[in-house]
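As they're listed, the protein sequences go chains A and B. Residue 227 in numbering that gives the first Met the number 0 is what sits at position 228 of the first sequence, and the numbering runs on without skipping anything. Residue 75 in numbering that gives the first Met the number 0 is what sits at position 76 of the second sequence, and the numbering runs on without skipping anything. Every residue gets a Cβ at the ideal spot worked out from N, C-alpha and C, and that includes glycine. First comes the structure, then the notes that go with it.
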Amino acid sequence: MYSFDIERPTTLEDAVEALKDEEAQALAGGQTLIPTLKQRLAAPERLISLTSIPELKGVSAKDGWITIGAATTHAEVAKSVSAYPALAALAGQIGDPAVRNRGTIGGTLANNDPAACYSAAALASGAVIQTNTREIAAADYFLGMFETALEEGEIIIQVRFPIPEVASYQKFAQPASRFALVGVFVAKFADGVRVAVTGAAEEGVFRWSEAEAALDSSLAPESIDALEADDDGLIADIHGTAAYRAHLIKVLARRAISAMS
Amino acid sequence: MKDGIGAPVKRKEDKRFTTGKGKYTDDIRNDNQAYAAFVRSPYAHARVKGIDTSAALAMEGVIDVLNGQQLTGDGIGNIICGWAITSKDGSPMNMGAWSALATEKVRYVGDAVAVVIAESQALARIAAEAVEVDYEELPVAANITAAMADGAPQIHDNAPGNQIYDWELGDEAATDAGLAEAAHVTTLNITNNRLSPNPMEPRSAVATYDDAEDHYTLYTTSQNPHVARLVLSAFYNVAPEHKLRVIAPDVGGGFGAKIYIYPEEITCLWASMKTNRSIKWTSDRSEAFLTDAHGRDHITTAKMGFDKDGKITGFKIDTLANIGAYMSLFSSSVPTYLYAPLMSGQYNIQNIHCNVRTYYTNTVPVDAYRGAGRPEATYLVERMMETAAREMGMDPAELRRRNFVQEFPHQTPVLMQYDSGDFPKILQMAQDAADIAGFEARKAEAAKRGKLRGLGYSTFIEACGLAPSKAAGSLGAGVGLWESAEVRVNPVGSIEILTGSHSHGQGHETTFAQIVADRFGLPVENVSIVHGDTDKVQFGMGTYGSRSGPVGMSAVVKAMDKVEAKVKKIAAHTLEASEDDIVIEGGEVKVSGTDKSMAWHEVGLAAYVAHNLPDDMEPGLKETAFFDPVNFSFPSGAFICEVEVDPDTGQTEIVNFTSADDFGTIINPMIVEGQVHGGVTQGIGQAMLEQVVYDEDGQLLNGSYMDYAMPRAADVPSYSISHHEDSPSPNNPLGVKGCGEAGAIGAPPAVINAITDAIGTNDLAMPATPQAVWNAIQAAK
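Okay, here's the thing in structure tokens:
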């Protein structure tokens with residue numbers, strides 16, 4: 000780890016101001032950034048911690064929506080989001096206890112690791128990412144591996160999830176990191192079913208639209224039996240081939256649907 | 000005896016370990032402390048054309064930047080392999096030169112080319128990044144196949160075709176004849192996956208040169224500090240032994256990886272003299288993955304023949320072993336004398352032939368890792384037995400029973416003379432504990448849940464208690480493998496045991512105290528263990544190969560014999576009785592059949608005040624002994640693994656794991672169970688999770704825990720463990736056999752045999768990751 004300075008602003012305004020510095024880097028729970036620093040793969044001069052800002056914290060439910068402050072930890076989501084059990088269950092399966100008690104939803108969404116769990120929930124739910132400057136629909140937010148619609152210095156304040164009628168997240172863990180080798184989030188809303196897949200694709204989270212169409216007519220595991228997930232653009236690495244990941248997408252989607260019915 | 004042999008005494012050392020009071024090498028901080036950071040090659044094979052240190056040297060706080068030319072120029076010797084193997088054509092092994100800092104070529108990613116010495120660790124690392132090395136990249140051979148290929152890059156000039164030796168053991172003609180007459184021959188092509196040892200504490204060294212005394216002190220993470228001093232002195236020319244003190248303080252796990260003397264320790268000692276500073280280096284986890292000696296990495300083809308009754312007629316093995324870029328300290332012995340002599344397993348086999356060819360590759364050196372050669376042999380033998388049973392339509396337990404050695408001593412055709420054991424009994428113990436009769440019902444129930452349930456055996460033997468020095472020497476070992484002990488009875492009667500064994504997690508401070516407590520009837524609190532410091536302890540050989548019990552404790556027993564004899568003489572003299580009538584019991588030294596006695600501490604005091612000793616007796620009460628075993632010890636066991644496989648994903652869950660072990664006499668069952676838990680878990684890690692992967696350019700693809708999968712608590716079941724103590728080792732005074740490696744040796748084939756039973760195909764390689772199991776299921780469809 001190279002040496003750096005750290006600031007802990009207590010207001011959003013101060014944080015926004017501090018991040019205007021080119022050498023500054025936002026720090027949320029640090030569960031990706033700190034290991035990156037330890038491996039000397041990044042050398043920011045200044046870290047701006049976002050975890051001391053009260054308006055970035057907390058969970059609330061209102062009018063069929065869950066609102067989660069960006070600096071809320073996975074452990075807090077797992078404990079508090081009773082109105083959206085599939086989301087709480089997802090948060091409770093991220094990493095290990097240390098990761099869950101440090102890592103935050105805002106940090107993971109801003110980082111957009113292609114194997115992160117929350118991105119599947121956000122995309123399948125049609126969540127809204129509220130920043131200091133605007134609202135971004137999940138559908139417009141994820142732009143590829145570690146790429147998002149966030150502008151330089153833009154800070155996520157909260158994430159709003161519409162609560163589905165029923166949902167399930169099925170995660171198949173990569174044996175070493177316990178990130179999702181493949182994770183499938185299926186959510187049914189009044190206007191249809193959305194199926195989001197994480198862990199599998201080079202470009203990060205995506206929607207399996209063929210499965211969504213099949214499930215719109217009938218939310219049953221058999222509805223997708225005739226489908227095969229396309230392995231084009233899927234990740235192939237020492238933990239799994241593209242074909243294996245494609246196979247897992249279908250297996251996990253089926254399991255999610257079974258769990259929902 | 001409350002705290003004696005067989006008592007589950009709580010570990011005396013755990014208070015300091017669990018309260019953060021352990022003192023490890025990295026905890027050492029000297030007044031004139033400086034820090035080392037190594038400049039390491041990013042290439043697997045390259046010529047070093049130049050090293051520009053000017054930018055690093057210009058940094059404030061950088062003390063020096065040193066390179067390999069300077070190191071060799073100062074007469075520091077090349078790193079050696081201490082076991083000479085002779086090829087079957089009579090030629091010696093082709094050992095290439097290994098300088099602690101590379102001079103002309105680098106041969107693996109992580110090979111050190113220079114060292115920066117600076118005022119802080121952070122500064123040393125920054126300066127190391129500022130050292131510019133001009134490399135000319137060379138073609139790479141990153142695995143055995145590439146190293147053997149026609150036109151493969153030449154890694155060391157004196158190893159043509161990258162081959163180090165072509166060695167054999169056993170009678171090839173007789174084995175071929177045995178296979179020719181077989182009613183059935185089973186053939187296996189298997190790999191033994193390459194592993195990273197991953198002790199919790201990374202390697203570390205603190206080297207201090209005292210120019211006034213011309214003396215060096217090295218704190219280091221070593222399993223064998225005396226061997227380190229010997230090699231540093233005799234081969235690396237750092238300093239004569241009396242000018243070099245090596246201390247291995249608390250060490251957080253070794254698993255073999257801390258046996259060897261690495262470039263970093265040598266360089267730190269030399270740099271300390273060059274800079275007249277105390278030099279500290281501590282590996283981070285990334286460096287550990289890159290530079291700690293790896294384990295295993297074999298490719299093997301084998302055939303086993305059986306007669307119509309299932310009796311083995313011959314076993315022929317052809318193994319290719321990867322040694323890495325350089326020959327580490329015991330690397331040559333692992334795929335030869337620690338491997339081929341185990342090919343007889345628990346079975347009466349008349350004809351065995353094992354051919355082993357080893358190769359250099361552009362990867363980190365490969366050496367002993369928990370089990371060392373014996374896991375590779377056991378994996379082969381036990382997968383062979385299970386596969387053959389399936390091919391012949393026999394119960395795999397029955398096939399094993401028909402071939403078990405039943406009489407001892409038993410001479411195998413591959414050097415070993417088994418001294419004791421009861422293989423049928425141990426298998427039955429495991430089968431009873433695993434409820435074999437209920438397996439079919441469990442399998443049917445699992446099928447209803449969509450799961451494939453399978454069961455696999457491993458009945459294995461080890462050769463532990465390394466090793467009879469004369470035999471080892473005749474096979475090429477450069478050292479003897481005895482152990483030493485000194486038993487010091489203090490004037491107040493408390494006892495210090497100075498042992499050449501080294502504890503880096505094994506619990507010696509407890510178990511060694513137990514054997515003393517047992518012998519003299521003293522509380523374990525009155526016994527302390529001194530180890531790991533060449534200035535305090537007489538020369539000893541250290542801890543590896545499950546040798547601390549069979550060899551290290553035996554030396555303590557021999558020294559206690561001498562102490563006891565002297566105690567009896569003193570007591571007989573004082574109490575005016577015959578020596579033959581003196582008994583030592585419950586902390587008292589008594590005249591049998593009378594009420595005359597002395598307290599133990601009174602004898603100690605009598606020895607030291609020396610007011611009333613027999614005329615010809617020296618004062619004092621301390622004795623030294625060296626124990627050289629007459630044979631290896633032969634722990635054995637039967638493991639039964641039961642798994643459930645999810646056919647949709649290939650995910651495997653180990654639902655039951657049963658271990659029945661013969662470790663001979665057990666000193667502390669709690670500690671032994673801990674060793675079994677750890678060893679089996681490491682074996683499960685090899686079977687299902689772990690594998691070092693280099694790409695074809697020799698880049699390490701999984702050099703962190705994000706990609707190298709270590710077993711976690713949730714990956715393993717609650718183990719069922721039992722011990723057979725009715726066939727103690729006849730070759731050491733306590734009858735112990737050693738327990739440190741059994742789990743890692745025996746577990747992998749049990750796991751793979753269970754998974755292959757579940758999925759109905761034998762074509763499955765380790766690690767049996769979900770992808771690998773799913774692939775095997777698809778391929779078998």
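Residue i, DSSP secondary structure in three states
i               : result
L70 of chain B  : helix
G239 of chain A : strand
P618 of chain B : coil
P91 of chain B  : strand
G455 of chain B : strand
G636 of chain B : strand
F3 of chain A   : coil
D210 of chain B : coil
E461 of chain B : coil
T130 of chain A : strand
Q410 of chain B : strand
P769 of chain B : helix
S307 of chain B : First, the amino acid is wrong: residue 307 of chain B is Lys here, not Ser. Looking at K307 of chain B - three-state DSSP - the assignment turns out to be coil, as it is neither helix nor strand.
E320 of chain B : It should be noted that the sequence gives Ala, not Glu, for residue 320 of chain B. Note: A320 of chain B maps to strand in three-state DSSP.
S118 of chain A : helix
R39 of chain B  : strand
E672 of chain B : helix
P161 of chain A : strand
Length of the line joining the Cα atoms of residue i and residue j
i               : j               : result
I62 of chain B  : L56 of chain B  : 7 angstroms
D579 of chain B : A605 of chain B : 19 angstroms
S457 of chain B : Q685 of chain B : 15 angstroms
D694 of chain B : P412 of chain B : 39 angstroms
N821 of chain B : A339 of chain B : This structure cannot speak to residue 821 of chain B, because chain B is shown only from 0 to 780.
A301 of chain B : N188 of chain B : 7 angstroms
D394 of chain B : D175 of chain B : 26 angstroms
R356 of chain B : Q505 of chain B : 34 angstroms
N191 of chain B : D296 of chain B : 5 angstroms
A778 of chain B : I425 of chain B : 36 angstroms
L55 of chain A  : A148 of chain A : 19 angstroms
Residue i at chain A interface by Cβ criterion, 7 angstroms
i               : result
A126 of chain B : no
A686 of chain B : no
Q405 of chain B : no
D647 of chain B : yes
A708 of chain B : yes
L474 of chain B : no
C-beta neighbour in chain B for residue i, strict 7 angstroms
i               : result
I237 of chain A : yes
V275 of chain A : With chain A covering 0 to 260 only, the question about residue 275 of chain A has no answer from this structure.
S176 of chain A : yes
Y83 of chain A  : no
Y140 of chain A : no
Y117 of chain A : no
Among the options, nearest to residue i - alpha-carbon criterion
i               : options                        : result
I93 of chain A  : A:D231, A:Q173, A:A199, A:W207 : A:Q173
P423 of chain B : B:V404, B:D170, B:N761         : B:V404
A27 of chain A  : A:G68, A:E21, A:G182           : A:G68
S216 of chain A : A:A42, A:K187, A:G203          : A:K187
T274 of chain B : B:Y34, B:P769, B:T318, B:A779  : B:Y34
A746 of chain B : B:A708, B:T651, B:I639         : B:I639
E59 of chain B  : B:K104, B:W97, B:S119          : B:S119
G815 of chain B : B:L268, B:E286, B:S330         : A query on residue 815 of chain B cannot be resolved here, the shown segment of chain B reaching from 0 to 780 and no further.
According to a CB-to-CB cut-off of less than 8 angstroms, which residues of the region 747-774 of chain B neighbour chain A?
T768, P769, Q770, W773, N774
Near-chain A residues of the region 95-129 of chain B (beta-carbon distance less than 9 angstroms), N- to C-terminal order:
A121, R124, I125, E128
Give, in chain order, every residue of the region 144-170 of chain A whose Cβ lies closer than 7 angstroms to some Cβ of chain B.
none
The region 692-707 of chain B: which residues have C-beta closer than 8 angstroms to a C-beta of chain A, in chain order?
V692, L700, N701, S703, Y704, M705, D706, Y707
Against chain A: residues of the region 28-49 of chain B by CB proximity under 8 angstroms:
none
Relative to chain A, which residues along the region 277-308 of chain B have a C-beta separation below 7 angstroms, given in chain order?
S285
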